[in-house]
Structures are given as structure tokens and as C-alpha cells.
Amino acid sequence: MIYEFRTYTLTPGATPKVLEMFGAAYEHRKKYSELAAFWTTEFGPLNQIIHVWPYENMQHREEVRSEAVKDPNWPPGFAQLGLVVDQKAEIFQVAPNSAFLEPGTYGPMYELRDYAMKVGTMPKFLEIWESAIETRKEFSPLAAGLYTELGTLQKFIHIWPYQSLEHRAEVREKAIASGTWPPKGASEYVERQANMILTPAPFSPLQ
Amino acid sequence: MIYEFRTYNLTPGAVPQVLELFGDGYEYRKKHSELAAFWFTEVGPLNQIIHVWPYKSMEHRAEVRAEATKDPKWNPGLARLGLVTDERSEIFKTAPNSPFAEPGSYGPLYEFRDYTIKAGTMPKLLEIWGDNVHIRTAFSPLTSALYSDVGPLNRFIHIWPYENLAHRTEVRKLTAASGKWPPKGERELIERQSSMILSAAPFSPLQ
């Protein structure tokens, strides 16, 4: 399984219009393949939408996309209206024990943590991650842990749903106090860290 | 009055140690001049500290800094300990009707909104902002709004304290419902927007 993250930066104020157009067109798109999630940015770079498409492999992606584009109702057409400033597509693989959550309600707030790893250290980092992630999930669910296969390399992202910032603070405090999180030795492999707070679109399978 | 924003990127995990070192050093530094605020990033680029130093002028800044460096107790030694990966210094001026908040407790959550404005449009933006900001501050207080004078230009930042995210959501819903905020004509001048959540350090005058 691969996950394509498509990140579009929109013109300021365009998000409501784009969600409306995307939501309407997605009704026609989803018979070819379904979204894993669709978010807008609440904190971080603003006016961004992130849509996540799962595929069995790159060939499956090709097939689905070439079929979908023949549909007169797809793509949604907001790019032609000049509402998109920048587009980025990245392909991720799932980290060990970090499968994407099944559709459902977990949020409403999602934290996306984005780590740039030191070159060549991803295998070692994934090993440490695998050894600690099950314990961390006892404190709160993980939406997914993924690493890049195509696009910006050495990138590891993990996404966590929370009820609120206070819930997040409480979970993190407990996890740290347990002495099992963050996993020992992991920070040595991390070069840069950033995070964003995401809000699900009305039609996102993850809410 | 000018405001120097010094933004340091730290090595992953270094924030607690840096706050301690800086807090100790600041006891000696503050007799030369005091901070306006000191934050670290909670959401956005992580492992970042932002210290804000007000000065009467660039000459005043030079004098204070020349004096402070002579103090053996100042210079927290962060860079020497290898805790800093990157440093940035920028000079900002306050926008009309947007003075920096006096020391006090307003947060604990601070939203830092960072806009890049289309080149040449800052005077127009400041005019719109200055005429309308009272509409917005009727709903919740503003820490300050500032524009860049030295550093990346065409930058407009505004900082808002909230009790929590729910409080922010409520305030933003009310302001949107008023139909008067954001002020008309502002959106057209904006090129890019991003937003971070900051937490105040224990020794920050703004809490």
C-alpha cells in the first residue's frame, strides 16, 4: 500500500470555495478510489489543503488516475479559477505498526508532525519507532506514521488525532512521564521538526 | 520604538535546557534592557525560541548590546554548547493602533500569524489595519501587530493571546459573523499566510 499526499496551497481566503468544489466532484471521483483523509490547515502554512489517496502500488495509482480523469466531473476545476498557488505530490510508505486509521471520528483536531531525518538514518529510526509505538498508542490513537518514498526524501511524518489542545497536552505529559516516549535515541536521527494542526473537511473519511 | 525578534532554531529536544540557561542569564541581562516577550513554538517549526527585545532606536540597541556583552553572566552560551542550529534577527515596527501589550497574563496560548504582503502594498495594508483593528479587538485582545523593517521585507505579523483553542474558535466565529473582519480590501494584498502556536517561557513578561 502507498499513500499519496497532495498538498495544495490556495490563494488567501479560497479554502471554503475549494472545499465546496472538491466535495461536489469527489462524489464522482470516489467510485474510482476513495480518499483516506482530507484536511485543511488550521495552524502552520495557512490556505493549504492536504488530500491523502491510498493505492495498492504505483501502477494502481496510474490506472485509477487515468480512468478518473476521463470522468467529465473530475478534476474539480478550482485550479482553472486561479485558486491554487502551488501543488505538491508525495508518495509515502507506512512505518511499522503505524497503519492508517480506518474511516471514523477521532478528532476533531489532527496534529501532523513532520521530521527531516539525517541522511541514511531512516532504517535505524524506523527500528526504534517500531519498538516504542505500541506503548505510545496506549495513551492515544495514531492516525498514521509514514516515510517518503518519492518527493522530499528523509521525511518521516506522524499524525495524531486529539479532542483538543488540552487533551493533547495531557496525553503528551503522561506519555513522557511514563519514560517510554519519545523513544530513546530517536532524537539523534532527527535534523528538523515541524508540526501543523489540521481540520478535516466535511467529506473526509477521518473526522 | 523598534522591536527586535530573534528566532533561534535549536537541536531537537534542546528547548528545556535552553530555557533554563536563558532564564538564568536573563537575570543579569535585564538590568541593561528588558524583554517584551519570550516564546517557544508549540505548533509550527518546532524547537524554536523567539525573543522579542524592544529598543528606542537602533542606536539604543547598539549601546545596550555593547554594554550587555561586557557582563560575564550574560551570554547564556547556547551556541557554544551546540544547541543552536540557526539564528535570525529581524527588526519590526508596530502597526497603527497596535502597540505591544504591557507585561501581564493574557494566554497561555499565543497565535502568531505571519503574512507576506505583495511588494509595495504595505502602506495600504497598514492603513486598512489601523482603521479597522478596533473592530477586532472588541472581541479579544491583540498582543501586537508589526511590520518588518530589517530582514525579509513585506512581512506583517500579528499576535493574539487566547485561553485555549476553543476560545479562539469562538472568537473567530463571532468576528466572522460580524461581517466586518477581516477588513475589506485586506485579502487582495496578501501573498502567503502561516500561523504558529507559541507558549510563553517562565520568565517571559507576557504570559
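Here the protein sequences line up with chains Y and L, keeping their order. Read in my numbering, the first sequence has 138 at position 138, and its numbers run on one by one without any break. Read in my numbering, the second sequence has 1074 at position 74, and its numbers run on one by one without any break. Note that beta-carbon positions come from the ideal geometry of N, C-alpha and C, so glycine has one too. This structure is a prediction, so every number in the text was calculated from the model and none was measured.
Would you verify that the beta carbon of Y:Met122 is, or is not, closer than 8 angstroms to some beta carbon of chain L? Position 122 of the first sequence, counted from the first residue, corresponds to residue 122 of chain Y. It does not; no Cβ of chain L falls within 8 angstroms.
Do the CB positions of L:Ser1199 and L:Pro1108 come within less than 8 angstroms of each other? For the purposes of this step, residue 1199 of chain L is taken as the residue at position 199 of the second sequence. For the purposes of this step, residue 1108 of chain L is taken as the residue at position 108 of the second sequence. Taking a C-beta distance under 8 angstroms as the contact criterion, L:Ser1199 and L:Pro1108 qualify as a contact pair.
Collapsed DSSP secondary structure at L:Pro1017 in the structure displayed: The residue labelled residue 1017 of chain L in the question sits at position 17 within the second sequence. Residue 1017 of chain L is actually Gln in this sequence, not Pro. Looking at L:Gln1017 - three-state DSSP - the assignment turns out to be helix.
In terms of DSSP beta bridges, what is Y:Lys155 paired with? One-based indexing of the first sequence puts residue 155 of chain Y at position 155. Beta-bridge pairing links Y:Lys155 to Y:Ala116.
What does the alpha-carbon distance come out to for the pair Y:Leu83 and L:Leu1010? Taking the first residue of the first sequence as 1, we reach residue 83 of chain Y at position 83. Taking the first residue of the second sequence as 1, we reach residue 1010 of chain L at position 10. If you take the alpha carbons of Y:Leu83 and L:Leu1010, they lie about 36 angstroms apart.
Closest residue to L:Tyr1106 among L:Ile1197, L:Leu1142, L:Leu1083 and L:Lys1124 (Cα-Cα distance): Start at 1 with the first residue of the second sequence, and residue 1106 of chain L comes out as number 106. Its Cα nearest to that of L:Tyr1106, the residue L:Leu1142 stands out among L:Ile1197, L:Leu1142, L:Leu1083 and L:Lys1124.
To which residues does DSSP link L:Met1058 through a beta bridge? Counting from 1 along the second sequence, the entry for residue 1058 of chain L is found at position 58. Residue pairing of L:Met1058 in beta bridges, as defined by DSSP: absent, with no partner found.
In the DSSP output, which residue or residues are listed as bridge partners for Y:Met196? Position 196 of the first sequence, counted from the start, is the residue given in the question as residue 196 of chain Y. In the DSSP secondary-structure assignment, Y:Met196 is bridged to Y:Leu112.
Is the beta carbon of Y:Gly151 less than 8 angstroms from the beta carbon of Y:Glu90? By 1-based counting over the first sequence, the position of residue 151 of chain Y is 151. By 1-based counting over the first sequence, the position of residue 90 of chain Y is 90. Taking 8 angstroms as the Cβ cut-off, Y:Gly151 and Y:Glu90 qualify as a contacting pair.
Measuring straight from C-alpha to C-alpha, what distance separates Y:Ser204 and L:Phe1038? The count along the first sequence starts at 1 and reaches residue 204 of chain Y at position 204. The count along the second sequence starts at 1 and reaches residue 1038 of chain L at position 38. Rounded to whole angstroms, Y:Ser204 to L:Phe1038 spans 38 angstroms at the Cα level.
Comparing the C-beta of L:Arg1155 with each C-beta of chain Y, is any distance below 8 angstroms? On the second sequence, residue 1155 of chain L is found 155 positions in, with the first residue counted as 1. Closer than 8 angstroms to the CB of L:Arg1155 there is not a single CB belonging to chain Y.
Express the C-alpha separation of Y:Ser187 and Y:Gln154 in angstroms, rounding to a whole number. Position 154 of the first sequence, counted from the start, is the residue given in the question as residue 154 of chain Y. Position 187 of the first sequence, counted from the start, is the residue given in the question as residue 187 of chain Y. Rounded to the nearest angstrom, the two C-alpha atoms are 14 angstroms apart.
Pairwise C-alpha distance: Y:Pro54 and L:Ile1197: By 1-based counting over the second sequence, the position of residue 1197 of chain L is 197. By 1-based counting over the first sequence, the position of residue 54 of chain Y is 54. If you draw a straight line from the Cα of L:Ile1197 to the Cα of Y:Pro54, it comes to about 31 angstroms.
Take L:Gly1179 as the anchor and find which of L:Ile1050, L:Gly1151, L:Ile1135 and L:Arg1080 has the nearest alpha-carbon. Looking up residue 1179 of chain L in the second sequence gives position 179. The shortest C-alpha separation from L:Gly1179 is found at L:Ile1135.
Which term fits L:Pro1016, buried or exposed, when burial requires 16 or more other beta carbons within 10 angstroms of its beta carbon? Within the second sequence, the letter at position 16 stands for residue 1016 of chain L. Exposed, by the Cβ-count rule.
Short-range partners of chain Y found in the stretch 1049-1061 of chain L, where Cβ spacing is below 8 angstroms: Nothing from the stretch 1049-1061 of chain L brings a Cβ to less than 8 angstroms from some Cβ of chain Y.
For L:Gln1193, the residue or residues it bridges with in DSSP: As a first step, residue 1193 of chain L must be located in the second sequence, where it is residue number 193. L:Tyr1115, per the DSSP bridge assignment.
Output the boundary residues of the beta strand (DSSP E) element that contains L:Leu1148. One-based indexing of the second sequence puts residue 1148 of chain L at position 148. In the sequence on display, residue 1148 of chain L carries Ser and not Leu. Looking at the DSSP string, the run of the beta strand (DSSP E) that includes L:Ser1148 is Ser1144 to Val1150.
Taking Cβ to Cβ, would you say Y:Phe92 is nearer than 8 angstroms to Y:Thr148? As a first step, residue 92 of chain Y must be located in the first sequence, where it is residue number 92. As a first step, residue 148 of chain Y must be located in the first sequence, where it is residue number 148. By the CB criterion at 8 angstroms, Y:Phe92 and Y:Thr148 fall inside the cutoff.
Let me know the secondary structure DSSP gives Y:Leu123 once reduced to three states. Position 123 of the first sequence, counted from the first residue, corresponds to residue 123 of chain Y. Residue identity differs from the one stated: residue 123 of chain Y is Pro in this sequence, not Leu. Y:Pro123 carries a helical assignment under DSSP once its states are collapsed to helix, strand and coil.
Can you tell me the Cα-Cα spacing of L:Asp1131 and L:Lys1124, whole angstroms? As a first step, residue 1131 of chain L must be located in the second sequence, where it is residue number 131. As a first step, residue 1124 of chain L must be located in the second sequence, where it is residue number 124. Distance between the alpha carbons of L:Asp1131 and L:Lys1124: 11 angstroms.
Which of helix, strand or coil does DSSP assign to L:Trp1129? Taking the first residue of the second sequence as 1, we reach residue 1129 of chain L at position 129. In the structure shown, L:Trp1129 sits in a helix (DSSP, three-state: H, G or I).
Can you confirm whether L:Gln1193, when its beta carbon is compared against all beta carbons of chain Y, has any partner nearer than 8 angstroms? The residue given as residue 1193 of chain L occupies position 193 in the second sequence. Yes - at least one Cβ of chain Y is within 8 angstroms of the one on L:Gln1193.
Between L:Phe1040 and L:Ala1138, how many whole angstroms is the CB-CB distance? I'm expecting something under 8 angstroms. Sequence index remark: in the second sequence, residue 1040 of chain L carries index 40 (1-based). Sequence index remark: in the second sequence, residue 1138 of chain L carries index 138 (1-based). With a Cβ gap of about 30 angstroms, L:Phe1040 and L:Ala1138 do not count as contacting.
Measure the C-alpha to C-alpha separation of Y:Arg113 and L:Pro1045 and round it to an integer number of angstroms. Residue numbering aside, residue 113 of chain Y sits at position 113 when the first sequence is read from its first letter. Residue numbering aside, residue 1045 of chain L sits at position 45 when the second sequence is read from its first letter. Rounded to the nearest angstrom, the two C-alpha atoms are 10 angstroms apart.
Got a sec? Which residues, its chain only, sit under 6 angstroms from Y:Phe78 by beta carbon, not counting five neighbours each side? Residue numbering aside, residue 78 of chain Y sits at position 78 when the first sequence is read from its first letter. Taken in chain order, the residues that qualify are Val18 and Met21.
Beta-ladder partner(s) of L:His1158, from DSSP: Looking up residue 1158 of chain L in the second sequence gives position 158. Paired residues: L:Arg1113 and L:Ala1145.
Given 8 angstroms, three or more beta-carbon pairs between the stretch 1112-1120 of chain L and the stretch 1149-1168 of chain L: Result yes; three or more Cβ-Cβ pairs closer than 8 angstroms.
Nearest candidate by alpha-carbon position, reference L:Arg1006, set L:Trp1129, L:Lys1056 and L:Ser1089: By one-based count along the second sequence, residue 1006 of chain L stands at place 6. The shortest C-alpha separation from L:Arg1006 is found at L:Ser1089.
Identify each residue in the stretch 1161-1179 of chain L for which the Cβ-Cβ distance to at least one residue of chain Y is less than 7 angstroms, and report them in chain order. Residues passing the 7 angstroms Cβ filter: Asn1164, Leu1165 and Ala1166.
Using a cut-off of 7 angstroms between C-beta atoms, extract the partners of Y:Ile197 located in chain L. Taking the first residue of the first sequence as position 1, residue 197 of chain Y is located at position 197. From the beta-carbon of Y:Ile197, the residues of chain L found nearer than 7 angstroms are Val1043.
Three-state secondary structure assigned by DSSP to Y:Trp129: Here the question's residue 129 of chain Y lines up with position 129 in the first sequence. In the structure shown, the three-state DSSP call for Y:Trp129 is helix.
Count the other C-beta atoms from every protein chain shown that fall within 10 angstroms of the C-beta of L:His1051, then say buried if there are 16 or more, exposed otherwise. Looking up residue 1051 of chain L in the second sequence gives position 51. Result: buried.
Buried/exposed call for L:Asn1047, threshold 16 Cβ in 10 Å: Here residue 1047 of chain L is taken as the residue at index 47 of the second sequence, counted from 1. Flag for L:Asn1047 reads buried.
Could you name the residues that DSSP lists as bridge partners for Y:Lys88? To locate residue 88 of chain Y, count along the first sequence from 1; it is residue 88. BP columns for Y:Lys88 point to Y:Thr7.
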